[in-house]
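Asks: There's a structure below that I have some questions on.
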Amino acid sequence: MNFALTEEQALLRDSIGRYLAETQDFETARRIMRMPNGFSRSLWQGLAELGLPGLLVAEADGGLGASLTDAALAAEELGRHLAAIPFATSAVLAARLLAAAPPASAARGLLARVAAGDRIVAVALDEPGGSTGLPPVATRALPVSGGYRLSGRKIVVVDGAIADDLIVSADLDGTTALFHVTPDGPGLALNRYATVDGRSAADLAIDGVVLPEDALVLGTGAAAALDDGLDAARLMLAAEALGLMERALELTIEHLKTRMQFGRRLSDFQVLTHRVSEMVVRRESARSILYRGLALAKAAPLDRGRAISATMVRVLQSAEFIGSQAIQLHGGMGMSDEGMVGHIYKRLRVIGKTHGDLIWHMDRFIANTADGRAVA
Amino acid sequence: MEFEFTDQDKAFRAEVQAFLRDAVPADIARRTRSLVHTPKDDLVRWNRILFEKGWVAPHWPKAFGGTGWTPMQIYIFEEECAAADAPFLSYFGLRLIGPLLYTFGSEAHRAQHIPGILSGDVFWCQGFSEPSSGSDLASLKTRAVRDGDHWVITGQKLWTTEAHFADKMFCLARTDPDLRPQKGGLSILFLDMNQPGVTVRPIVTIDGGHSVNEVFLDEVRVPAGDVLGRVGQGWDQAKFLLGHERVTNAQVPRSKRELALLRTIALKETRGGMALAEMRTIRERIAEIEIDLAALEWSVLRELFATPGGAKSQGTASALKIVGSEIQQRIADLTADLLGAKAMATIAAASDRPNERPGDAADHAVGVVERQLFFRATTIYAGTNEIQREIIARELFAGH
């Protein structure tokens, strides 16, 4: 066990951090929020040149073959700089699903382009009345001559509005399968909308979309691959949340040091500084449980799910506290759209609803806990 | 960063488990599970067992009686001791004055005092807090005045844990009334608890138990040489203690054990024919605690593996204390809640007071109510949590 960064890890973190510090100040981030779908392809391409989209992809598939722990360092920098890019979606979840596809398949071919950042792939899982992308799936895939016919509805597809390609879950003969769908084909209608963090999502109405045979990304094993890919994406979102929390704390401390009221600095008021101390305490808990989640990311599925839901519960609770208190301690300035803390808070809120919320994670944690089992 | 436990650590854990299986006497284990205040005799016996094994002071440098284990091994050892219901050894000798002696003490003082601390033949108490000086040591009133070859100590100490067990006290006193405490006005002196002028009065805490005391010092004479290190070093020595036990106050091993006991109680206690462990509200409360405890454990690991010699933030230790003490309370609170109405009364061991058990209270209920009450103290002692938040804030807002 070792908590110090390796030389490679420090290099990775610094290269991403430096690039974002140079190109992505808060005004830039706000400008991107006003662009179509809240997305800047030039920011994405800049980060792609640093290898970000292929970080977790194996070298044989055109990536860098980094570990989840390495990638978490990069994700933390994304949070710190409020970088609106589809990292967890395309570079983590979609990349892992494509990597699980059979060798020499069309999906594996797409993976190399995802790793290069040339294609952005969103994953469509949630359905009306359903939750968090796990079976059963109401969207149906019917085998037809030469391929499949897909019908159903998908909602709140994160980054679906900016995706070049979609991976869609559907029921195929009673088991969950994953299909590669292009967003502009016939039979598919996208409803794109903004999310509160200035990014975007989409709903899909899939009405008899005809797919070729090689559109099948994964048949058997899709559920397990989804489980694994979602957990990896969650860890990256947790790391991003940590970077957001760090930034919110820095801004709040700076504000308390400089803002004068009643002839005194706000940092002279214990009722305020002790609130910040509590924010620090909860950030530390979040960082610790993130490391624990990363440590258990390769455990057997039941233990992994339990550990990663524990991570998400603690991180999301810390995020809500730190985000909301950062606004509170900024006073009226915290409510302004021109201030950064409000945007940090909104991004934290969206993270808290992506691939499972607090309720979902607490449910899974309890479901994966055997009675009388000692604390892991 | 890389988060794997080594095979050596796993083998070490097995070795410790094998030793503890037979080493912890059953009667001591039973009392450790149920009593808030460990009897002195249990402390003496367990200290002796570990001393003979050579494992009594793993956290000390090897040259002074430590084991030479890695921080991870020490943590594993403490976790396994808690899991085996071994009592937590008396804090004041092994955790406080021992480290003070090998860090600040003269050769003669080390030779005089360390053997008795390790063997458990000499018990110590800590004379720091006073009626008007709890967390604020700068306001200390106890005076030590030179009179020829002696110091004459007069004052009053409060909340002195285990003073009634102790053979000796290390006493913080003002040795120079003209100097500010921070600027050389304080020293730590050694005194015998059975000498003239020392009076110990028990303080019964809200749980009905006794481990803290009031100690009156009335012209207590100690030889001029019985000062730890140099005269006037007391402030630095007290500050050293504040940062020395960085992870102990997190109390993770004990809380893990107590959460495990809570789970077994939740399986046995029922409401309306249903085990509490099946109730959604209970499962969720247990889960919340377990998750926070897991985070705390990893905060402790981060601290144990921090770069040796790297800058140590006092605020980090404070954060561990805040979370650790709050979790101790949450576990004790929930454990008592599991007993329902029976938690209106304290529940003694059957062998002690057979006629005073409410309802069908089972053995697992013994001591639960007392613990819940006494654990109000966890957020007060070792620096109240408000003081800990102030320490964190001062680091954050340094220079402002």
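Order-wise, the sequence lines are chains A and B.
In terms of numbering that gives the first Met the number 0, the first sequence is residues 0 to 375.
In terms of numbering that gives the first Met the number 0, the second sequence is residues 0 to 399.
Using N, Cα and C, we set each Cβ at its ideal position, and we do this for glycine too.
#1: Classify Gln8/A as buried or exposed, calling it buried when 16 or more other Cβ atoms lie within 10 Å of its own Cβ.
#2: Whole angstroms are fine: how far does the CA of Leu216/B sit from the CA of Lys255/B?
#3: Please determine, among Ala335/B, Leu139/B, Ala286/B, the residue with the shortest C-alpha to C-alpha distance to Met361/A.
#4: Distance check for Gly104/B and Leu54/A, CA to CA, integer angstroms please.
#5: In chain order, what are the residue ranges of uninterrupted alpha helix (DSSP H) at least 4 long that sit wholly in the stretch 50–99 of chain A?
#6: Strictly below 7 Å CB to CB, what residues from chain A border Trp297/B?
#7: Going straight from the alpha carbon of Gly207/B to that of Ala342/B, what length do you get?
#8: For Met450/A, collect the residues of the same chain with a Cβ closer than 6 Å to its Cβ; drop the 5 residues on either side in sequence, then sort them by chain order.
#9: If you count every other CB in all the chains shown that lies within 10 Å of the CB of Lys167/B, and 16 or more means buried, which is it?
#10: From Ile73/B to Leu34/B, what distance separates their C-alpha atoms?
#11: Using the beta-carbon of each residue, which ones in chain B are nearer than 9 Å to Arg313/A?
#12: Counting only beta-carbon atoms, is Val322/B nearer than 8 Å to chain A?
#13: Between the stretch 340–357 of chain A and chain B, which residues of the former have a C-beta closer than 9 Å to a C-beta of the latter?
#14: So Thr272/A contacts chain B; which residues on that side make the cut at Cβ distance below 9 Å?
#15: Name, please, each residue of chain A whose Cβ falls closer than 9 Å to the Cβ of Arg301/B.
#16: Answer yes or no: do Asp60/A and Ala114/A have a C-beta to C-beta separation smaller than 8 Å?
#17: For the stretch 201–219 of chain A against the stretch 244–259 of chain A, do three or more pairs of beta-carbon atoms, one drawn from each stretch, fall closer than 8 Å, so that the two count as touching?
#18: Only counting the same chain, and skipping five residues up and downstream in sequence, which positions put a Cβ closer than 7 Å to that of Phe364/A?
#19: Please compile the residues from chain B whose C-beta is within a distance smaller than 8 Å of the C-beta of Ile252/A.
#20: Verify the CB distance criterion: does Met361/A have a CB-CB separation below 8 Å to chain B?
#21: Note down the Cα distance separating Thr31/B from Arg94/B, rounded to an integer number of angstroms.
#22: Kindly indicate the opening and closing residues of the alpha helix (DSSP H) around Val279/A.
#23: List the residues of chain A that Glu3/B touches, going by C-beta distances under 7 Å, in chain order.
#24: Just the C-alpha distance for Ile15/A and His179/A, rounded to the nearest angstrom, thanks.
#25: With DSSP collapsed to three states, give me the class of Ala366/A.
#26: In chain A, which residues lie less than 7 Å from Glu164/B when you measure between Cβ atoms?
#27: Between Pro38/B, Gly339/B, Pro70/B, Phe76/B, which has its C-alpha nearest Gly53/B's C-alpha?
#28: May I ask you to list the residues that DSSP assigns as paired with Glu1/B?
#29: Where are the alpha helix (DSSP H) runs, 4 residues long or more, that stay fully inside the stretch 50–133 of chain B, in chain order?
#30: Are the C-beta of Gln181/B and some C-beta of chain A separated by less than 8 Å?
#31: Taking only beta-carbon atoms, is Gln8/A less than 8 Å away from chain E?
#32: I want to verify the contact list: residues of chain B whose CB lies under 9 Å from the CB of Glu277/A, in sequence order.
#33: Can you grab the Cα-Cα spacing for the pair Val226/B / Pro130/B, in whole Å?
#34: Are the CB atoms of Pro222/B and His149/B within a distance shorter than 8 Å?
#35: Where in the stretch 281–326 of chain B do unbroken runs of the beta strand (DSSP E), each at least 3 residues long, occur, reported from the N-terminal end onward?
#36: Entirely within the stretch 193–218 of chain B and at least 4 residues each: give me those alpha helix (DSSP H) ranges in chain order.
Replies: The answer reads as follows:
#1: Numbered from 1 along the first sequence, position 9 holds the residue referred to as residue 8/A. Buried, by the Cβ-count rule.
#2: The sequence position of residue 255/B within the second sequence is 256, counting from 1. The sequence position of residue 216/B within the second sequence is 217, counting from 1. Near 40 Å, if we compare the C-alpha coordinates of Leu216/B and Lys255/B.
#3: Counting from one through the first sequence, the residue named residue 361/A turns up at place 362. By alpha-carbon distance to Met361/A, the top candidate from Ala335/B, Leu139/B, Ala286/B is Ala286/B.
#4: Position 55 of the first sequence, counted from the start, is the residue given in the question as residue 54/A. Position 105 of the second sequence, counted from the start, is the residue given in the question as residue 104/B. So the two alpha carbons sit approximately 54 Å from each other.
#5: 67–79, 94–98
#6: Here residue 297/B is taken as the residue at index 298 of the second sequence, counted from 1. Here the neighbours are Ser287, Ile288, Tyr290, Arg291.
#7: As a working mapping, residue 207/B is identified with position 208 in the second sequence. As a working mapping, residue 342/B is identified with position 343 in the second sequence. Going from the Cα of Gly207/B to the Cα of Ala342/B covers about 15 Å.
#8: Given that chain A is displayed from residue 0 to residue 375, the structure contains no residue 450/A and the question cannot be resolved.
#9: Walking along the second sequence from the start, residue 167/B turns up at place 168. With at least 16 other beta carbons inside 10 angstroms of its own, Lys167/B counts as buried.
#10: For the purposes of this step, residue 73/B is taken as the residue at position 74 of the second sequence. For the purposes of this step, residue 34/B is taken as the residue at position 35 of the second sequence. Those two C-alpha atoms are separated by around 25 Å.
#11: For the purposes of this step, residue 313/A is taken as the residue at position 314 of the first sequence. Within 9 Å Cβ-Cβ: Ile290, Asp291, Ala293, Ala294.
#12: Taking the second sequence and counting its residues from 1, one reaches residue 322/B at position 323. Answer yes: the Cβ-Cβ gap between Val322/B and chain A drops below 8 Å somewhere.
#13: none
#14: Reading the first sequence from its first residue, position 273 is the one you call residue 272/A. Simply Arg388, Glu389, Ile391, Ala392, Arg393, Leu395, Phe396.
#15: Here residue 301/B refers to the residue found at position 302 when the second sequence is read from its first residue. Per Cβ cutoff of 9 Å: Phe2, Glu283, Arg286, Ser287, Tyr290.
#16: For the purposes of this step, residue 60/A is taken as residue 61 along the first sequence, with counting starting at 1. For the purposes of this step, residue 114/A is taken as residue 115 along the first sequence, with counting starting at 1. For Asp60/A and Ala114/A, yes; Cβs fall inside 8 Å.
#17: no
#18: The residue you call residue 364/A lines up with position 365 of the first sequence. Scanning its chain for C-beta atoms nearer than 7 Å, with the 5 sequence neighbours on each side dropped, one finds around Phe364/A the residues Arg305, Ser308, Ala309, Val312, in chain order.
#19: The residue labelled residue 252/A in the question sits at position 253 within the first sequence. Within chain B, the residues Leu395, Phe396 have their CB atoms less than 8 Å from the CB of Ile252/A, given in chain order.
#20: Taking the first sequence and counting its residues from 1, the one referred to as residue 361/A is at position 362. Yes - at least one Cβ of chain B is within 8 Å of the one on Met361/A.
#21: Counting from one through the second sequence, the residue named residue 31/B turns up at place 32. Counting from one through the second sequence, the residue named residue 94/B turns up at place 95. So the two alpha carbons sit approximately 19 Å from each other.
#22: In the first sequence, the residue the question calls residue 279/A occupies position 280. Its alpha helix (DSSP H) spans residues 269–294.
#23: Taking the second sequence and counting its residues from 1, one reaches residue 3/B at position 4. Those are Met0, listed as they occur along chain A.
#24: Here residue 15/A refers to the residue found at position 16 of the first sequence. Here residue 179/A refers to the residue found at position 180 of the first sequence. Their backbone Cα atoms lie some 30 Å apart in a straight line.
#25: Against the first sequence, residue 366/A aligns to sequence position 367. Correct three-state label for Ala366/A: helix.
#26: On the second sequence, residue 164/B is found 165 positions in, with the first residue counted as 1. Looking at the sequence shown, residue 164/B is not Glu but Phe. Correct list: empty, because the minimum Cβ distance to chain A is about 32 Å.
#27: Here residue 53/B is taken as the residue at index 54 of the second sequence, counted from 1. Measuring from the Cα of Gly53/B, the nearest candidate turns out to be Phe76/B.
#28: Position 2 of the second sequence, counted from the first residue, corresponds to residue 1/B. According to DSSP, which records beta bridges pairwise, Glu1/B is partnered with Asn1/A.
#29: 70–82, 97–103, 106–118
#30: Here residue 181/B refers to the residue found at position 182 of the second sequence. Residue-level contact by beta carbon fails for Gln181/B and chain A, as no gap is shorter than 8 Å.
#31: The displayed structure is made up of protein chains A and B, and chain E is not among them.
#32: Taking the first residue of the first sequence as position 1, residue 277/A is located at position 278. Going along chain B in sequence order, the residues near Glu277/A (Cβ under 9 Å) are Ile321, Arg388, Ile391.
#33: Walking along the second sequence from the start, residue 226/B turns up at place 227. Walking along the second sequence from the start, residue 130/B turns up at place 131. Rounded to the nearest whole angstrom, the CA to CA distance from Val226/B to Pro130/B is 23 Å.
#34: Against the second sequence, residue 149/B aligns to sequence position 150. Against the second sequence, residue 222/B aligns to sequence position 223. Their beta carbons are under 8 Å apart, which means His149/B touches Pro222/B by this criterion.
#35: none
#36: none
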